[in-house]
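K.L.:
In this note's numbering, the protein residues as written are 60 to 238.
Virtual Cβ for every residue (Gly too), placed ideally from N, Cα, C.
These numbers come from a predicted model, not from an experiment.
Sharing a structure below in structure tokens format, with a few things to ask.
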């Protein structure tokens with residue numbers, strides 16, 4: 060709350076919040092989602108459990124990292140999909156909900172145990188064309204028991220969540236480094 064108020068973000072219209080946590084308690088995660096949305100009900104929120112959180116170039120464990128981004132000239136759409144056993148179908152379904160004429164980037168997280176990541180991405184790409192896709196699959200500290208994904212709709216253990224960033228003005232470029 061202090062961070063939001065100090066940075067004048069609490070009332071931003073196009074607020075994107077991402078939550079990353081290696082804490083695997085569903086009720087705890089739902090409380091975090093509820094608390095964040097009580098402060099910023101207009102926000103589009105997604106997140107995932109992890110094998111470790113990264114903050115300031117340091118990998119941590121047993122923490123929660125919350126990323127907050129405000130957009131001036133972009134709009135956001137959020138979607139969640141409680142997946143069936145067909146990962147390709149899940150990718151198509153979430154892409155249909157998110158992609159608009161001026162979508163510039165998709166942020167997507169899927170559960171880490173039930174979704175086939177390659178098939179899911181193929182489903183998304185069947186509709187997304189050349190829109191950059193960022194995100195990943197949820198983790199659980201390499202236990203391979205239960206992973207969670209988070210969105211405005213709550214906490215899921217099976218499926219995918221996503222946000223599209225839509226704008227006529229935004230330019231998105233991707234790059235990578237193996238260093």
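Does the distance from the C-beta atom of residue 219 to that of residue 171 stay below 9 angstroms?
P.N.:
Taking the chain shown and counting its residues from 1, one reaches residue 219 at position 160. Taking the chain shown and counting its residues from 1, one reaches residue 171 at position 112. No, Cβ-Cβ distance for residue 219 and residue 171 is not below 9 angstroms.
K.L.:
With DSSP as the reference, label residue 91 as helix, strand or coil.
P.N.:
Counted from its first residue, the chain shown places residue 91 at position 32. The answer is helix: DSSP assigns residue 91 an H, G or I state.
K.L.:
Going by the CB atoms, is the gap between residue 88 and residue 164 shorter than 9 angstroms?
P.N.:
As a first step, residue 164 is located in the chain shown; it is residue number 105 there, counting from the start. As a first step, residue 88 is located in the chain shown; it is residue number 29 there, counting from the start. Result no, Cβ atoms of residue 164 and residue 88 do not sit closer than 9 angstroms.
K.L.:
Figure out for me which residue from 186, 65, 201 and 145 has the closest Cα to the Cα of residue 175.
P.N.:
As a working mapping, residue 175 is identified with position 116 in the chain shown. Of the listed residues, the one whose Cα sits closest to residue 175 is 145.
K.L.:
Nearest by alpha-carbon distance to residue 22: which of 199, 158 and 127 is it?
P.N.:
Nothing can be reported for residue 22, as the shown portion of the chain is limited to 60 through 238.
K.L.:
Flag residue 225 as yes if its beta-carbon sits less than 9 angstroms from any beta-carbon of chain D, otherwise no.
P.N.:
No chain D is part of this structure, which consists of one protein chain only.
K.L.:
Below 8 angstroms on the Cβ atoms is my contact criterion, and I expect residue 136 with residue 222 to pass it. Report the Cβ-Cβ distance as a whole number of Å.
P.N.:
Numbered from 1 along the chain shown, position 77 holds the residue referred to as residue 136. Numbered from 1 along the chain shown, position 163 holds the residue referred to as residue 222. Correct: roughly 7 angstroms between the Cβ atoms.
K.L.:
Where residue 209 and residue 85 are concerned, what is the direct C-alpha to C-alpha distance, given to the nearest angstrom?
P.N.:
On the chain shown, position 150 is the one that residue 209 refers to. On the chain shown, position 26 is the one that residue 85 refers to. Their Cα atoms are separated by approximately 10 angstroms.
K.L.:
Excluding the 5 residues preceding and the 5 following residue 142 in the sequence, name in chain order all residues of the same chain whose CB lies nearer than 7 angstroms to its CB.
P.N.:
To locate residue 142, count along the chain shown from 1; it is residue 83. For residue 142, where only same-chain residues beyond five positions count, the Cβ hits under 7 angstroms are 149, 173, 174, 217, 218 and 219.
K.L.:
Relative to the C-alpha of residue 140, which candidate in 117, 119, 130 and 167 has its C-alpha closest?
P.N.:
As a first step, residue 140 must be located in the chain shown, where it is residue number 81. When only C-alpha atoms are compared, the closest one is 167.
K.L.:
Using only the alpha-carbon positions, how far apart do residue 180 and residue 160 sit?
P.N.:
Working through the chain shown from its first residue, we reach residue 180 at position 121. Working through the chain shown from its first residue, we reach residue 160 at position 101. Cα to Cα, residue 180 sits roughly 20 angstroms from residue 160.
K.L.:
Going by DSSP, what residue range makes up the beta strand (DSSP E) through residue 103?
P.N.:
Position 44 of the chain shown, counted from the first residue, corresponds to residue 103. Note, residue 103: beta strand (DSSP E), 103-108.
K.L.:
Should residue 61 be labelled buried (16 or more other beta-carbon atoms within 10 Å of its own) or exposed?
P.N.:
The residue you call residue 61 lines up with position 2 of the chain shown. It counts as exposed.
K.L.:
Which of helix, strand or coil does DSSP assign to residue 99?
P.N.:
Translated into positions along the chain shown, residue 99 becomes position 40. Correct three-state label for residue 99: coil.
K.L.:
Run through DSSP, which three-state label would residue 78 get?
P.N.:
Here residue 78 is taken as the residue at index 19 of the chain shown, counted from 1. Three-state DSSP puts residue 78 in a strand.
K.L.:
What alpha helix (DSSP H) runs, 4 residues minimum, are completely inside the segment 167-217?
P.N.:
If we require 4 residues or more, the alpha helix (DSSP H) runs fully inside the segment 167-217 come out as 176-187.
K.L.:
Between the Cα of residue 83 and those of 91, 73 and 134, spot the shortest distance and give me the residue it belongs to.
P.N.:
Counting from 1 along the chain shown, the entry for residue 83 is found at position 24. Comparing Cα positions, the closest option is 91.
K.L.:
Within the continuous alpha helix (DSSP H) that includes residue 152, where are the two ends?
P.N.:
As a working mapping, residue 152 is identified with position 93 in the chain shown. Where residue 152 is concerned, the enclosing alpha helix (DSSP H) stretches over 146-157.
K.L.:
Can you give the Cα-Cα distance for residue 79 and residue 183, rounded to whole angstroms?
P.N.:
One-based indexing of the chain shown puts residue 79 at position 20. One-based indexing of the chain shown puts residue 183 at position 124. Each residue's alpha carbon lies about 22 angstroms from the other.
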